[in-house]
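Protein chains: 2
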Amino acid sequence: MRALNQEDLEERKRKVLQFVIHEYIRTSNPVGSNAISTVSSLGLSPATIRNVLSELEREECITHPHTSAGRIPTDKGYRRYVDSLVDLQRLAIQEQTRIQSEYETRIREIEDLLLQTSKILSSLSHYSGFVVAPKWERHIFSHMDLIPVSSHRFLCAMISESGLAKHFIITTRTELPRESLRKIVRMINESFHGFTLQEVKLQITSRLENLQEEWKDILSMAKEIGQEIRRFSDAENELYLEGAGNILSLPDFTNPHDFQNLFKMVEEKHILSELVGSDWDEVKTKPLAKGTPSKNKSRSRVKVRIGSENKNRALQNLSVISSTYQLSDKTVGVLGIIGPKRMEYSKMISLVDYVSRMMNHFLSEFDKDI
Amino acid sequence: MRALNQEDLEERKRKVLQFVIHEYIRTSNPVGSNAISTVSSLGLSPATIRNVLSELEREECITHPHTSAGRIPTDKGYRRYVDSLVDLQRLAIQEQTRIQSEYETRIREIEDLLLQTSKILSSLSHYSGFVVAPKWERHIFSHMDLIPVSSHRFLCAMISESGLAKHFIITTRTELPRESLRKIVRMINESFHGFTLQEVKLQITSRLENLQEEWKDILSMAKEIGQEIRRFSDAENELYLEGAGNILSLPDFTNPHDFQNLFKMVEEKHILSELVGSDWDEVKTKPLAKGTPSKNKSRSRVKVRIGSENKNRALQNLSVISSTYQLSDKTVGVLGIIGPKRMEYSKMISLVDYVSRMMNHFLSEFDKDI
DNA sequence: TATTAGCACTCATTAGTTTAGAGTGCTAAT
DNA sequence: ATTAGCACTCTAAACTAATGAGTGCTAATA
Numbered sequence: 508m509r510a511l512n513q514e515d516l517e518e519r520k521r522k523v524l525q526f527v528i529h530e531y532i533r534t535s536n537p538v539g540s541n542a543i544s545t546v547s548s549l550g551l552s553p554a555t556i557r558n559v560l561s562e563l564e565r566e567e568c569i570t571h572p573h574t575s576a577g578r579i580p581t582d583k584g585y586r587r588y589v590d591s592l593v594d595l596q597r598l599a600i601q602e603q604t605r606i607q608s609e610y611e612t613r614i615r616e617i618e619d620l621l622l623q624t625s626k627i628l629s630s631l632s633h634y635s636g637f638v639v640a641p642k643w644e645r646h647i648f649s650h651m652d653l654i655p656v657s658s659h660r661f662l663c664a665m666i667s668e669s670g671l672a673k674h675f676i677i678t679t680r681t682e683l684p685r686e687s688l689r690k691i692v693r694m695i696n697e698s699f700h701g702f703t704l705q706e707v708k709l710q711i712t713s714r715l716e717n718l719q720e721e722w723k724d725i726l727s728m729a730k731e732i733g734q735e736i737r738r739f740s741d742a743e744n745e746l747y748l749e750g751a752g753n754i755l756s757l758p759d760f761t762n763p764h765d766f767q768n769l770f771k772m773v774e775e776k777h778i779l780s781e782l783v784g785s786d787w788d789e790v791k792t793k794p795l796a797k798g799t800p801s802k803n804k805s806r807s808r809v810k811v812r813i814g815s816e817n818k819n820r821a822l823q824n825l826s827v828i829s830s831t832y833q834l835s836d837k838t839v840g841v842l843g844i845i846g847p848k849r850m851e852y853s854k855m856i857s858l859v860d861y862v863s864r865m866m867n868h869f870l871s872e873f874d875k876d877i
Numbered sequence: 508m509r510a511l512n513q514e515d516l517e518e519r520k521r522k523v524l525q526f527v528i529h530e531y532i533r534t535s536n537p538v539g540s541n542a543i544s545t546v547s548s549l550g551l552s553p554a555t556i557r558n559v560l561s562e563l564e565r566e567e568c569i570t571h572p573h574t575s576a577g578r579i580p581t582d583k584g585y586r587r588y589v590d591s592l593v594d595l596q597r598l599a600i601q602e603q604t605r606i607q608s609e610y611e612t613r614i615r616e617i618e619d620l621l622l623q624t625s626k627i628l629s630s631l632s633h634y635s636g637f638v639v640a641p642k643w644e645r646h647i648f649s650h651m652d653l654i655p656v657s658s659h660r661f662l663c664a665m666i667s668e669s670g671l672a673k674h675f676i677i678t679t680r681t682e683l684p685r686e687s688l689r690k691i692v693r694m695i696n697e698s699f700h701g702f703t704l705q706e707v708k709l710q711i712t713s714r715l716e717n718l719q720e721e722w723k724d725i726l727s728m729a730k731e732i733g734q735e736i737r738r739f740s741d742a743e744n745e746l747y748l749e750g751a752g753n754i755l756s757l758p759d760f761t762n763p764h765d766f767q768n769l770f771k772m773v774e775e776k777h778i779l780s781e782l783v784g785s786d787w788d789e790v791k792t793k794p795l796a797k798g799t800p801s802k803n804k805s806r807s808r809v810k811v812r813i814g815s816e817n818k819n820r821a822l823q824n825l826s827v828i829s830s831t832y833q834l835s836d837k838t839v840g841v842l843g844i845i846g847p848k849r850m851e852y853s854k855m856i857s858l859v860d861y862v863s864r865m866m867n868h869f870l871s872e873f874d875k876d877i
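Shown next as structure tokens:
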């Protein structure tokens, strides 16, 4: 028997870890040395496997719940698996067509698209799907208008160049004659055309103050309006979250404490919204496997967070697979799925990747449509 | 010992049932004959109590989970209790002030009021609070406007006389020049002023069609707009639901199946929205106990549904206490709490009653404000 | 005649015991 | 370097026994 060098040993270790993870994902039971020896095609005896396993355990990639149980992957093990062991594949054609057909319901608004996407993510993963709505502040201001509702209340509509519309009711303490209203609206529209909405938000109050001279009479009203616009621009990103119930029915979830955490997350969606916030800044790309280049030239931006890698307590026993989406070449939002750590990463990464590409596709159509 | 007549026996039965329910609510454990004999002030031996209990059991007001357990109330038992045994009281002053202080956060819009109310209901009951938003269709149409977003898209704002505003984006296939747009808006505003929004919804398409002669050029566009308005008027009532997580942590909830049902309810709020729909039509009033007349002259409209009295499956193990609220003297919405069957009905009924009065109070202020 | 004491009976709960089997780690043989 | 062999550990399941809370019935009682 020829001597094995270091590389071969590493290779074997990798294969064993991969097998453990695959088997654990499949059966949800700890995997023993016997099973690996018999079922895998490594051709090694249980005893040898045991040596490999104890080494993997020393490296904290696996543990066992108790002495007489098989091994299960740790978060670190999953991480290693996702980083280098998972075989990334293109999504099956059959699933691609399924997704495309799901998108065929009439989508009029961006909101419809976001909702439908989160539903698709949920129903194809059988886990929970989410979409964080486009980040309002990144858009370019086009125009706004105020419609009187009553003497002190107005419906304020703000439209971005990409066609996103935000609307909310504002209330003023002072009464506003129609003429002044029109003047204020015209002024805002003229001075902010072409600015980002973040700039509008930050500068609206100060701008309105600078016009003191000629606007003395309606200054205080303009100020009030500015404040209200600011207030609504600060609102957190909207989040679409579907299929959270799916996670409950998983065999991995038995602890009632986990239930409560999950519940909290659904009730206070902003928890999750904050959580994925970091995706905007630091985006670690995970290219698809060689030999399967994507149709679209752009790189996949799928990110995986496993269990304790999530900062949020409610997600300590879950994994989040997310990607970003763009509008007019700017990253404006995040979408993805939330599922058990014990999930088919290969398939799920492909799914999220594919759906995020579809989102980009549809969003660019919206963009063209303007 | 003097002979007891039928009435005295009935009275005793009532007292025993009341004691069982109170004790069960307090401890969440089945109540035995011994406990009743010792703790209650009836002065009867366990054996006598047992006779009463078995009679109550024959009447299906109580059961026991197994032979050697004490008694617990059935839905029928709770019903009897709520109908005639519960001591209705005014809410404690301390709680009244707590509620009033909770309402002191700045409430600008009806939406704020609804959200805040559902939070109050949740936090004071320690269960789940809900408010079904005002029924749009019952309001009187005041005016509407269309703001162009892009060539094919408009922000449509509809304002009711009571100041409720509804706004949504509509998309048309054909392009609309500004002039035609203004014409259509003027026409709608003139012809529907004073109508209910339901009438607007039902008649808008047919009205637009009747104007054929003079409007030939913009008829198809007007039609499209009419259809879109119709579509958005059909949208279901919005629902505010807070504190559903509170229910999970109750000792009454152990069955994972119940968890799932509850989850479903939170995810698909319209389930609940449908559920309380019946409150608009058939309202069974439950006046407060004599001797404690309410400050406000109007009758309390609190309704209690216990366990299986709820049609919805998700609520089979829960009780719903609800009341309606008015705007301009019309019943436009429902609010209440959802909790375990095993809850302090007296307190909760008072709470819902009081909060619904507060809602009416604030809403009438909104109304005046217009 | 209504009430109650007495008693046999039921059944959930808990603890204790045993057994089976899955899986490990170590050692010595190959 | 690999593996067979074996003692060891620990869980899960199944069985047993003891406890005790609560009932329903009957006969005695005020």
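Those protein sequence lines, which keep their order, are chains A and B. First residue of the first sequence? That's 508 in my numbering, and the numbers climb one at a time after it. First residue of the second sequence? That's 508 in my numbering, and the numbers climb one at a time after it. Don't be surprised by glycine CBs; every beta carbon is placed ideally from N, CA and C.
Taking 7 Å as the CB-CB limit, is G674/B close to chain A? Indexing the second sequence from 1 puts residue 674/B at position 167. The residue asked about is misnamed: residue 674/B is His in this sequence, not Gly. Taking Cβ atoms only, chain A reaches closer than 7 Å to H674/B, which makes this a yes.
Shortest alpha-carbon distance to A485/B belongs to which of Q596/B, S853/B, A640/B and M866/B? With chain B running from 508 to 877 in the structure shown, residue 485/B is simply not present.
Looking at the structure shown, is Y610/B part of a helix, part of a strand, or coil, going by DSSP? Along the second sequence, read from residue 1 onward, the residue named residue 610/B stands at position 103. Three-state DSSP puts Y610/B in coil, outside helix and strand.
On the CB-based measure, 16 or more other CB atoms within 10 Å of its CB, does V546/B come out buried or exposed? Here residue 546/B corresponds to residue number 39 of the second sequence, with the count starting at 1. Classification of V546/B: exposed, given that the 10 Å Cβ count is below 16.
What three-state label does DSSP hand E775/A in the structure shown? Residue mapping note: residue 775/A aligns to position 268 of the first sequence, counting from 1. Looking at E775/A - three-state DSSP - the assignment turns out to be coil, as it is neither helix nor strand.
Would you list the one or two residues that DSSP bridges to V827/A? Sequence index remark: in the first sequence, residue 827/A carries index 320 (1-based). DSSP, once it has assigned bridges, lists R812/A and I845/A as partnering V827/A.
Looking at C-alpha atoms only, which residue of R738/B, S667/B, R714/B and G843/B is the closest neighbour of Y747/B? Position 240 of the second sequence, counted from the start, is the residue given in the question as residue 747/B. Of the candidates R738/B, S667/B, R714/B and G843/B, the one whose C-alpha sits nearest the C-alpha of Y747/B is G843/B.
Where L704/B meets chain A, residues with beta-carbon distance less than 8 Å: Counting from 1 along the second sequence, the entry for residue 704/B is found at position 197. What L704/B touches in chain A: nothing, since even the nearest Cβ is about 15 Å away.
Rounding to the nearest angstrom, what Cα-Cα distance links S540/B and G752/B in this structure? Position 33 of the second sequence, counted from the start, is the residue given in the question as residue 540/B. Position 245 of the second sequence, counted from the start, is the residue given in the question as residue 752/B. Spanning the two alpha carbons is a distance of roughly 35 Å.
Straight-line CA distance for I564/A to T570/A? Start at 1 with the first residue of the first sequence, and residue 564/A comes out as number 57. Start at 1 with the first residue of the first sequence, and residue 570/A comes out as number 63. Before going further, note that residue 564/A is Glu rather than Ile in the sequence given. Rounded to whole angstroms, E564/A to T570/A spans 6 Å at the Cα level.
Presumed contact (8 Å Cβ cut-off) between V559/B and V523/B, rounded CB distance: Here the question's residue 559/B lines up with position 52 in the second sequence. Here the question's residue 523/B lines up with position 16 in the second sequence. Taking 8 Å as the upper bound for CB-CB distance, V559/B and V523/B are in contact here, some 5 Å apart.
Return yes when the C-beta of E517/B is under 6 Å from any heavy atom of the ligand FMN, and no when it is not. In the structure shown, the ligand FMN is absent, as is every other ligand, since no ligand is present at all.
Give a yes or no on whether 7 Å exceeds the smallest Cβ distance from A664/B to chain A. The residue you call residue 664/B lines up with position 157 of the second sequence. Answer yes: the Cβ-Cβ gap between A664/B and chain A drops below 7 Å somewhere.
Inter-residue Cα distance where the pair is L715/A and L688/B: Sequence index remark: in the first sequence, residue 715/A carries index 208 (1-based). Sequence index remark: in the second sequence, residue 688/B carries index 181 (1-based). Near 31 Å, if we compare the C-alpha coordinates of L688/B and L715/A.
Take every Cβ of the segment 831-838 of chain B, pair it with every Cβ of the segment 574-588 of chain B, and state whether three or more of those distances are shorter than 8 Å. By the criterion of at least three beta-carbon pairs nearer than 8 Å, the segment 831-838 of chain B is not in contact with the segment 574-588 of chain B.
Quick one: measure Cβ to Cβ for S629/B and E749/B, integer angstroms, because I've assumed they're closer than 8 Å. Residue mapping note: residue 629/B aligns to position 122 of the second sequence, counting from 1. Residue mapping note: residue 749/B aligns to position 242 of the second sequence, counting from 1. About 4 Å separates the two Cβ atoms, so the contact holds.
Quick check on DSSP: helix, strand or coil for T624/B? Taking the second sequence and counting its residues from 1, one reaches residue 624/B at position 117. When DSSP states are grouped into helix, strand and coil, T624/B belongs to the helix group.
Residue ranges of each alpha helix (DSSP H) run of no fewer than 4 residues wholly in the segment 673-719 of chain A, ordered along the chain? Listed in chain order, they are 685-699 and 704-717.
Within the continuous alpha helix (DSSP H) that includes G733/B, where are the two ends? By 1-based counting over the second sequence, the position of residue 733/B is 226. Residues L726 to S740.
Could you give the distance in angstroms between the alpha-carbon of M728/B and the alpha-carbon of D652/B? To locate residue 728/B, count along the second sequence from 1; it is residue 221. To locate residue 652/B, count along the second sequence from 1; it is residue 145. Between M728/B and D652/B, the C-alpha separation is close to 15 Å.
The alpha helix (DSSP H) spanning D582/B covers which residue range? Translated into the one-based positions of the second sequence, residue 582/B becomes position 75. Element bounds for D582/B: D582 to R587.
Give the range of the beta strand (DSSP E) segment to which E749/B is assigned. Taking the second sequence and counting its residues from 1, one reaches residue 749/B at position 242. E749/B: member of the beta strand (DSSP E) spanning L746 to E749, first to last residue.
Does any CB atom of chain A fall closer than 7 Å to the CB of Q601/B? As a working mapping, residue 601/B is identified with position 94 in the second sequence. Not an interface residue.
By how many angstroms is the C-alpha of S780/B removed from the C-alpha of A796/A? Counted from its first residue, the first sequence places residue 796/A at position 289. Counted from its first residue, the second sequence places residue 780/B at position 273. Reliability of the predicted coordinates at A796/A is poor, the pLDDT of 46 falling under 50, and the value obtained from them is presented with this limitation in mind. Their backbone Cα atoms lie some 48 Å apart in a straight line.
Go ahead and label P537/A buried or exposed: buried means 16 or more other beta carbons lie within 10 angstroms of its beta carbon, across all protein chains shown. As a first step, residue 537/A is located in the first sequence; it is residue number 30 there, counting from the start. So P537/A ends up on the buried side.
Quick check on E517/A: buried or exposed, where buried means 16 or more other Cβ atoms within 10 Å of its Cβ? For the purposes of this step, residue 517/A is identified with residue 10 of the first sequence, where counting begins at 1. The residue in question, E517/A, is exposed, as its Cβ has fewer than 16 Cβ neighbours within 10 Å.
Ordered along the chain, which non-local residues of its own chain (more than five positions away) have a Cβ less than 7 Å from that of H633/B? Within the second sequence, numbered from 1, the residue matching residue 633/B stands at position 126. So the list reads N753, once near-sequence residues are dropped.
Quick one: residues in its chain with C-beta nearer than 7 Å to the C-beta of V773/B, no 5 flanking neighbours on either side, listed in chain order? Position 266 of the second sequence, counted from the start, is the residue given in the question as residue 773/B. So the list reads L748 and A751, once near-sequence residues are dropped.
Taking C-beta pairs closer than 8 Å, name the residues in chain A that D741/B reaches, listed in chain order. Mapped onto the second sequence, residue 741/B falls at position 234. Those do not exist, as D741/B stays about 15 Å from chain A at its closest Cβ, beyond 8 Å.
Can you tell me which of T838/B, I856/B and K642/B puts its alpha carbon nearest to the alpha carbon of I813/B? Taking the first residue of the second sequence as 1, we reach residue 813/B at position 306. Among T838/B, I856/B and K642/B, the Cα nearest to that of I813/B is on I856/B.
Going along chain B in order, which residues have a C-beta closer than 7 Å to the C-beta of D652/A? As a first step, residue 652/A is located in the first sequence; it is residue number 145 there, counting from the start. Residues of chain B passing the Cβ test: I654.
So with Cβ pairs under 7 Å, would you call Q596/B a contact of chain A? Counting from 1 along the second sequence, the entry for residue 596/B is found at position 89. Q596/B does not count as touching chain A.
What separation, rounded to the nearest whole angstrom, lies between the Cα atoms of I532/B and K583/B? Within the second sequence, numbered from 1, the residue matching residue 532/B stands at position 25. Within the second sequence, numbered from 1, the residue matching residue 583/B stands at position 76. Roughly 15 Å separates the two Cα atoms.
Cutting at 8 Å between CB atoms, please list the residues of its own chain near K771/A, excluding the five before and the five after it. The residue labelled residue 771/A in the question sits at position 264 within the first sequence. Taken in chain order, the residues that qualify are I778 and A821.
Is it buried or exposed for D619/A, if we count other Cβ within 10 angstroms and need 16 for buried? On the first sequence, residue 619/A is found 112 positions in, with the first residue counted as 1. Per the 10 Å Cβ criterion, exposed.
Test: K771/B CB closer than 7 Å to a CB of chain A: Position 264 of the second sequence, counted from the first residue, corresponds to residue 771/B. Judged by the 7 Å Cβ criterion, K771/B is in contact with chain A.
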